[in-house]
Structure formats: structure tokens, C-alpha cells
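Protein sequence lines correspond, in order, to chains W and Y.
Residues in the first sequence are numbered consecutively from 19, following my numbering.
Residues in the second sequence are numbered consecutively from 998, following my numbering.
Each residue gets a CB set at the ideal place from its N, CA and C atoms; glycine is no exception.
This one's a predicted model, so the numbers in the text were calculated from it and none came from an experiment.
Working notes, structure below.
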Amino acid sequence: AQTVTQSQPEMSVQEAETVTLSCTYDTSESDYYLFWYKQPPSRQMILVIRQEAYKQQNATENRFSVNFQKAAKSFSLKISDSQLGDAAMYFCAYRRNNNDMRFGAGTRLTVKP
Amino acid sequence: ETGVTQTPRHLVMGMTNKKSLKCEQHLGHNAMYWYKQSAKKPLELMFVYSLEERVENNSVPSRFSPECPNSSHLFLHLHTLQPEDSALYLCASSLGRGYQETQYFGPGTRLLVL
């Protein structure tokens, strides 16, 4: 069964605008980590932001922030002031204990100038 | 981006060939991973090595054979592959195996099996 679901295969945003990418996950655990990774075209996948499940405060990294709703098992990524360099595939991932990281299928983000 | 390197970047092979993918990390990490990335599918974990010992093998067919000679190098030996094995193969490393650890990815090897 799919553990991590990204319901938006593709999204687009106008440069300088804000976009939110959705991610939901399925778990019965209370302690885990959530990640958003970015994979630009033909470039390496890099970590954008991560969230510890036992922390209530939403993680932020400059223009990137998350909306973590633990009860709803939702972990959306908000990109503010979108830039052309933000265009990429974005993957949501979940990991508990020392088990393998489970990735969603990804959302392709296009940024329009 | 140079923390984890992979060679070759592109590989075309026939079903009867034998080839190897190489991954090298320069980050002083102790855990290394092989993932398979197919179009429109989530990344699939193939193998995990921690301190050069294989700790996880997610039911990967025996035509894929990993090797980790030291904590900085990871290989994936390929033989008698099938066309459905065509994909992007990603290597990653992390400081430890703990679930809080960030994984750092290489650029991948794009494999085409004819």
C-alpha cells in the first residue's frame, strides 16, 4: 500500500507568487520524520526541508515552509516568492525508526516567468 | 553537489551484458543506499549498507548485486538485465542509519536496457 501520496502530479506557479504542494501519508506511528526533496532537471536530488513529528512548530527554511497537520497526516510544502530556479520535481518522504524512507510519486513544479 | 558522485551518468546495455555502477561519497558518511527511480513511480529502495555491511535488501532480483568495499564506495553490479530494469539509479549516503538523518543523493545513472 502507498505510504506517501502526492495528489498533484503537476503544478505551475507564476514567478514571485506562492504555491503549495500537497502530501499525505499513512502511519500508525507517533514518532517519525517527514522530508521534502527537490530534484531539478538532470540535477541531484537535494533536501529542501524536514519536520520532526513530535515538534508542533512548522519547519521553515527561507522561502520554504511546511504546514504539518499530524492528526490529518498531512505535510504540505509552501514556496513563497517563487523563482525560476524552483522549477523541479518535488518529492515528499516519510521515515520512521531506522526503516527505509518512503517517497511519494512526486509533483512536477513549473515556474512561469 | 559534489558530495556524492556516480559513474557512469548514462549507460546503455544489452540484456546479456555485465556492467557495474559506481558511487562514491566524500562526506564521511557511514551509510549508503541504492534507489531505483522509474518514471511516474515513487523511488524504490534497493539496498542499504551501514558500516560496509548490508542491512537491508528489499526483495531485489539477483541480477542486481551490490558491493560496498569501504564506507566511501558503493557498487551495483548488473547482469542479464531486463528492459523493465531501465530507470534512473540513485545512490545516497547519510551520516548514520538513524531515521532523523538526511540522505544526500548522487546525480544518478540513467540506465537503458535494450
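CA-to-CA distance, residue j to residue i, given in whole angstroms
{"i": "T36(W)", "j": "F109(W)", "result": "18 Å"}
{"i": "L92(W)", "j": "T23(W)", "result": "Here residue 92(W) is Ser; the residue named in the question, Leu, does not match the sequence. In a straight line, the C-alpha of S92(W) is about 10 Å away from that of T23(W)."}
{"i": "I67(W)", "j": "Y55(W)", "result": "7 Å"}
{"i": "D104(W)", "j": "E1049(Y)", "result": "36 Å"}
{"i": "R1051(Y)", "j": "T125(W)", "result": "31 Å"}
{"i": "S1035(Y)", "j": "L1085(Y)", "result": "6 Å"}
{"i": "P1093(Y)", "j": "Q26(W)", "result": "Before going further, note that residue 1093(Y) is Gly rather than Pro in the sequence given. Answer to the nearest angstrom: the Cα atoms are 32 Å apart."}
{"i": "H1076(Y)", "j": "L1040(Y)", "result": "22 Å"}
{"i": "P1058(Y)", "j": "D99(W)", "result": "45 Å"}
{"i": "S60(W)", "j": "N115(W)", "result": "31 Å"}
{"i": "S1056(Y)", "j": "Q32(W)", "result": "43 Å"}
{"i": "M1010(Y)", "j": "L1073(Y)", "result": "14 Å"}
{"i": "L1008(Y)", "j": "M107(W)", "result": "23 Å"}
{"i": "M1029(Y)", "j": "L1071(Y)", "result": "7 Å"}
{"i": "A77(W)", "j": "N85(W)", "result": "8 Å"}
{"i": "F121(W)", "j": "C41(W)", "result": "10 Å"}
{"i": "L1042(Y)", "j": "P1063(Y)", "result": "13 Å"}
{"i": "F1061(Y)", "j": "S1090(Y)", "result": "19 Å"}
{"i": "R81(W)", "j": "L1111(Y)", "result": "43 Å"}
{"i": "N1067(Y)", "j": "L1018(Y)", "result": "15 Å"}
{"i": "L1078(Y)", "j": "D118(W)", "result": "25 Å"}
{"i": "R1006(Y)", "j": "V129(W)", "result": "27 Å"}
{"i": "S83(W)", "j": "Q75(W)", "result": "11 Å"}
{"i": "L1108(Y)", "j": "D1082(Y)", "result": "8 Å"}
{"i": "P1080(Y)", "j": "T1106(Y)", "result": "16 Å"}
{"i": "Y1101(Y)", "j": "T21(W)", "result": "22 Å"}
{"i": "Q57(W)", "j": "L127(W)", "result": "10 Å"}
{"i": "L102(W)", "j": "R113(W)", "result": "30 Å"}
Continuous beta strand (DSSP E) stretch holding residue i: start and end
{"i": "H1026(Y)", "result": "Here H1026(Y) belongs to no beta strand (DSSP E), and DSSP marks it neither H nor E."}
{"i": "K1038(Y)", "result": "Per DSSP, K1038(Y) belongs to no beta strand (DSSP E) and is neither H nor E."}
{"i": "A1084(Y)", "result": "A1084 to S1091"}
{"i": "E1021(Y)", "result": "K1015 to Q1022"}
{"i": "Q1003(Y)", "result": "V1001 to T1004"}
{"i": "L1075(Y)", "result": "H1070 to H1076"}
{"i": "L102(W)", "result": "Where L102(W) is concerned, there is no enclosing beta strand (DSSP E), given that its DSSP letter is neither H nor E."}
{"i": "S1062(Y)", "result": "F1061 to N1067"}
{"i": "V37(W)", "result": "V37 to L39"}
Rounded distance between the beta-carbons of residue j and residue i, thought under 8 Å
{"i": "C1166(Y)", "j": "V1045(Y)", "result": "This structure gives no information on residue 1166(Y), because the portion of chain Y shown stretches from 998 to 1111."}
{"i": "A123(W)", "j": "K1033(Y)", "result": "With 8 Å as the limit, A123(W) and K1033(Y) do not qualify as a contact, their Cβ atoms being about 14 Å apart."}
{"i": "T38(W)", "j": "L95(W)", "result": "7 Å"}
{"i": "Q1022(Y)", "j": "S1069(Y)", "result": "6 Å"}
{"i": "Y1112(Y)", "j": "Y72(W)", "result": "Since the first residue of chain Y shown is 998 and the last is 1111, residue 1112(Y) is not available in this structure."}
{"i": "M63(W)", "j": "L1087(Y)", "result": "7 Å"}
{"i": "T1099(Y)", "j": "L65(W)", "result": "5 Å"}
Beta bridge counterpart(s) of residue i as assigned by DSSP
{"i": "E1050(Y)", "result": "S1047(Y)"}
{"i": "R120(W)", "result": "Y112(W)"}
{"i": "M107(W)", "result": "Q57(W) and R126(W)"}
{"i": "R1107(Y)", "result": "H1007(Y) and L1085(Y)"}
{"i": "Q32(W)", "result": "K130(W)"}
{"i": "T21(W)", "result": "Note: T21(W) sits in no beta bridge, so no partner."}
{"i": "Y43(W)", "result": "V22(W)"}
Chain B residues whose Cβ lies nearer than 9 Å to that of residue i
{"i": "V1057(Y)", "result": "Of the protein chains in the structure, W and Y, none is chain B."}
Segments of 4+ residues assigned as alpha helix (DSSP H) that fall wholly inside the region 48–93 of chain W: Counting whole runs of 4 or more residues, the region 48–93 of chain W contains no alpha helix (DSSP H) stretch at all.
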